[in-house]
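Using this note's numbering, you'd call the opening residue of the sequence shown number 1246 and step up by one each time.
The C-beta atom is built at its ideal place from N, Cα and C for all residues, glycine as well.
On a predicted model such as this, the values are computed, not experimentally measured, just so you know.
To keep things clear, I will list the structure first and then write my remarks on it.
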Amino acid sequence: MAQTIEFTIGADARCRDGDCGEVVRVVVDPGDLSVTHLVVEPRHRRGIGRLVPLDLVDATTGEVRLRCTRAEFEKLDSAEEMRLLPGAYGNYGPAPVSTWPNFALGGGIGMGNISQTVTYDTVPLGEVAIRRGEQVHATDGAIGRVQGLVIDSHDYHVTHVLLQEGHLWDRREVAIPIGVVTRVGDDGIRLTLTRQQVQDLPLRRGGDPARQ
């Protein structure tokens, strides 16, 4: 049986010489459902996340270890792009600013000219980023939210989606086999299962979900 690696979105990340932040997104090639990068962001320093290729990641339990120093980490490709958009207040261009990700205004609120700073998440062309808490959709409606992914350590293909299903006082975690995933996209993850079929899956108790 293939050895697997579990990536919990929100897990701590460490370089060879110390802490470098936490995993905030997992980047997936939607064509073959393989993980290509992790996005690691230093704590308390928003907007400078880095795209970490999978070949720099060691398999660990509960923590992600990177085969690079913090100085080398800082030289990796950025996972965010910031743009300064000067112009009159209220003039947001071709699309409302509220539709842009990670929007922040520079300067005070008021009339007159201000600078608008917009931060975009960046991923390699054709790939998508999965965040903790994204919706998982059964055939008959939303069923829960993504907690992480399990991948094959040899080829980085996703084997399971880790799902938190239920409400605050009745939460349960299940590992959904990738074979029932029909789509991974900006609107979440879609399954061939009904909500009842997801609820009938065995509870996840840790370890390799393929063995449960």
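Inset, instruction - Measure the beta-carbon distance from T1437 to T1367 and round it to whole angstroms, keeping in mind my assumption that it falls under 8 Å. - result: Actually they are not in contact, since the Cβ atoms of T1437 and T1367 sit about 31 Å apart, beyond 8 Å.
Inset, instruction - Could you tell me whether the segment 1302 to 1322 touches the segment 1250 to 1263, where touching means 3 or more Cβ pairs closer than 8 Å? - result: yes
Legend entry - Whole-number beta carbon distance between V1381 and V1391, since they are thought to touch under 8 Å: 6 Å
Inset, instruction - Could you spell out where the alpha helix (DSSP H) holding Q1441 opens and where it closes? - result: 1440 to 1444
Inset, instruction - Let me know if A1258 comes out buried or exposed under the rule of 16 or more other beta-carbons within 10 Å of its beta-carbon. - result: buried
Inset, instruction - Please confirm whether R1315 and D1277 have their CB atoms less than 9 Å apart. - result: no
Inset, instruction - Could you say which of R1417, G1393, A1256, T1427 lies nearest to D1445 if we only look at CA atoms? - result: R1417
Legend entry - Ordered list of alpha helix (DSSP H) runs contained in the segment 1261 to 1332, each at least 4 residues: 1315 to 1319
Inset, instruction - Could you check which residue in H1399, V1426, A1387 has the C-alpha nearest to that of H1405? - result: V1426
Legend entry - Straight-line Cα distance separating I1421 from L1283: 20 Å
Legend entry - Three-state class that DSSP yields for I1254 in the structure shown: coil
Inset, instruction - Using alpha carbons as the reference points, say which of C1260, S1279, L1296 lies closest to V1269. - result: L1296
Legend entry - Cutoff 8 Å; reference S1279; Cβ partners in own chain excluding five residues on either side: V1273, I1396, D1400, Y1401, H1402, V1403
Inset, instruction - Just tell me which of G1255, E1267, V1271, G1266 has its CA closest to the CA of P1369. - result: V1271
Inset, instruction - Name the two residues that bound the continuous beta strand (DSSP E) containing E1379. - result: No beta strand (DSSP E) holds E1379; DSSP gives it neither H nor E.
Inset, instruction - State the CB to CB distance for the pair E1317 and E1286, rounded to an integer number of angstroms; the pair is presumed to be in contact (CB under 8 Å). - result: At roughly 16 Å, the Cβ-Cβ gap does not stay under 8 Å, so E1317 and E1286 are not in contact.
Legend entry - Cα-Cα separation between Q1442 and I1388, rounded to whole angstroms: 10 Å
Inset, instruction - Since I believe L1299 is in contact with C1265 (beta carbons under 8 Å), could you give me their beta-carbon distance rounded to a whole number of angstroms? - result: At roughly 16 Å, the Cβ-Cβ gap does not stay under 8 Å, so C1265 and L1299 are not in contact.
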